[in-house]
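Numbering (UniProt numbering), first residue to last: 1 to 669.
In what follows, a structure is listed as structure tokens, so that the remarks can point back to it.
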């Protein structure tokens, strides 16, 4: 049998020795041996390129077994019908092994490979022209892919109808839930895919692979690809998109695009995160190693990215993952920045004329500026100080309200002529600040009142930087920056006034209700008053000497006066007309004080109610004070957790440090 399997001249596939020996040693079922021998005579008439007739009912049982991964049942079907191993069982002319690979049934695929002819593994399904390795790679079944490559290493180079090798297909099928599984798949295929013509690592296919890796978030693999194929740094895919353009569309991959807690910020700023080359070089599968290429991979990822980066033990790595999961998010931003640096390093080796052409044609700096990715701007200003269009960066930073980039430009002591620069429309930097911010930026500041406040703060910040002679300049439409601001923000101004009045109306209703309840509680004290006319203390509350009664009185007084104060202040909001400058501080300040006094009145009203219940029930039910206090505490805590974060954010926005520089970073959402 072995001799017949080694004769490629007869058109019979050759099995690797390790696979053949496994089958021969399996003496559990003699019929499976015979089945293997029959399928070894998979001749030219039934090769993969020919579409056989398809009967939807004939192989329905086999189809269901392949979908479910029921190998024992399928094995019996193969014994009864050996032709079923290579039969086309779907409308797309797929075999059972392709169906199971699509369904992600790794064990089924591994077992079926042992009795599949090699030529059958070369088969491409009808829809997308994908081989078995494509389907298994997309499903993320790594063990099955390793088994396929071990039997037929040439499948790593087979392309589908789009010209994609399995590596590219695997990288393109990454979701949040499958990211780690597909990462292992991409790492393995990256190690065994060869650089053969047509090379999947060069030209537009290489650029497509690089862009796909970046979209998937595999920045360390992308960096390794750039290291081995530097030309991919500026190569574009068939749509004309390069790697930097993809990165520009992913602001969350960088520190400036993510929101970090104080602990996360400390890790980012102070904890050294080394970024060694954790992605191994690709190892070409040479002919002598075709049976077991996995033995020569030496994939360092099996040890973990973080363990390699920090040179830690596995136990420490697990603890770090449990205690500080933010580390991985920070590592991602570091890897993305390292990728940017490697790409820019390659671009810096080009002639100056080519560098200028690249930045001009791709408009990449403007794209990063619009996304607010300050890290890229820093690298460009340091690496290409003369090729970087600072005027355009400044304009975009102001128009898009990216305070981090605007602050960066001025902290680097850039030429002050930037502040007097006028574009082709005659607009100065103050005109750009006068334009309405993008809706996506405005929404980050909550209600229209605080949106208008942030717009005024931006305008005032830029105004403080601009020379006095430039503040009254008119653009080509004959408008000063102040006139343009009024025009651009007319609708937002109207909405902000309406929002403030609606807030005042609803809050005043609540304040009036609290005041009514607090007043009623004051004149109808719990337990009543002493009604003995012969005594000096006639009309005095019965529980006057109780400590709980003092809590009741103080809380009720605070609730009443704070609610009355809140209601009166909301009346001033309803009856006043507001100018643009009032939105900078006056109106938001009133709203915050009103809401704060209203919250205080609600809190103290609940304390008043709890104290009243304790006074009435405390003597008869000894456990009542504890239960009532706990209920009041839960209510106050729940309400406070909902209200106080918003109030603190409002206070922070209003009473933040003043412009021009220090507060720019506070503008960020």
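We put the CB at the ideal spot given by N, CA and C, even for glycine.
- By a beta-carbon distance limit of 8 Å, residue 194 contacts residue 156. Their separation comes to about 7 Å.
- Measuring C-alpha to C-alpha distances from residue 192 to each of 654, 166 and 178 identifies 166 as the nearest.
- Within its own chain, the residues whose Cβ lies closer than 8 Å to the Cβ of residue 341, once the five positions on either side in sequence are excluded, are 379, listed in chain order.
- Taking every protein chain shown into account, the CB of residue 412 has fewer than 16 other CB atoms within 10 angstroms, so this residue is exposed.
- Note that the stretch 172-187 does not touch the stretch 146-156; fewer than 3 beta-carbon pairs, one per stretch, sit closer than 8 Å.
- When the alpha-carbon of residue 440 is set against those of 430, 451 and 433, the nearest one is in 451.
- The alpha-carbon separation between residue 374 and residue 510 amounts to approximately 45 Å.
- Rounded to the nearest angstrom, the gap between the Cα atoms of residue 502 and residue 329 is 41 Å.
- Under a 10 Å Cβ-count criterion, residue 240 is classified as exposed, with fewer than 16 other Cβ atoms of the shown protein chains found around its own Cβ.
- Here residue 164 carries a coil assignment [DSSP, helix/strand/coil].
- In summary, residue 398 is buried, with 16 or more beta-carbon neighbours lying within 10 Å of its beta-carbon over all protein chains present.
- Shown here, residue 388 sits in coil according to DSSP, grouped into three states, outside any helix or strand.
- Bounds of the alpha helix (DSSP H) holding residue 404 are 403-411.
- When 551, 361, 432 and 362 are compared, the shortest CA-CA separation from residue 394 is found for 432.
- The beta carbon of residue 392 lies closer than 8 Å to those of 365, 366 and 369 in the same chain, with the five residues before and after it left out.
- Between residue 173 and residue 214, the C-beta gap is not smaller than 7 Å, which leaves the two residues out of contact.
- Secondary structure at residue 211: helix, using DSSP grouped into helix, strand and coil.
- For residue 581, no alpha helix (DSSP H) run applies, since DSSP gives it neither H nor E.
- Pairing residue 519 with residue 457, the inter-Cα distance amounts to about 42 Å.
- Take residue 504, set aside five residues on each side of it, and the residues of its chain with a beta-carbon closer than 7 Å to its own are 570, 573 and 574, in chain order.
- Rounded to whole angstroms, the separation of the alpha carbons of residue 360 and residue 372 is 19 Å.
- Within the stretch 343-374, the runs of alpha helix (DSSP H) that reach at least 4 residues and sit entirely inside it are, in chain order, 352-362 and 364-371.
- Per DSSP, reduced to three states, the secondary structure at residue 86 is coil, with no helix or strand assignment.
- Taking C-alpha positions only, residue 616 is separated from residue 637 by approximately 24 Å.
- Residue 233 and residue 343 do touch by the CB rule: their CB atoms are close to 4 Å apart, below 8 Å.
- If the five residues before and after residue 526 are omitted, its C-beta is found closer than 6 Å to the C-beta atoms of 612, 615 and 616, all from its own chain and listed in chain order.
- Counting the other CB atoms within 10 Å of its CB gives residue 469 a total below 16, which places it among the exposed residues.
- Exposed is the label assigned to residue 524, since fewer than 16 other Cβ atoms lie within 10 Å of its Cβ.
- The shortest CA-to-CA distance from residue 607 to any of 589, 418 and 554 is the one to 554.
- Minimum Cα-Cα distance from residue 248 among the listed residues 362, 228, 326 and 567 corresponds to 362.
- For residue 144, the uninterrupted alpha helix (DSSP H) segment begins and ends at 142-151.
- If you draw a straight line from the Cα of residue 266 to the Cα of residue 421, it comes to about 38 Å.
- Counting only residues of its own chain and dropping the five nearest sequence neighbours on each side, residue 356 has a CB closer than 6 Å to the CB of 387.
- At a Cβ-Cβ threshold of 7 Å, residue 335 and residue 190 do not count as neighbours.
- With respect to the 7 Å criterion, residue 434 and residue 381 are not classified as neighbours on the basis of their beta carbons.
- Here residue 610 is not near residue 556, since their CB atoms are 7 Å or more apart.
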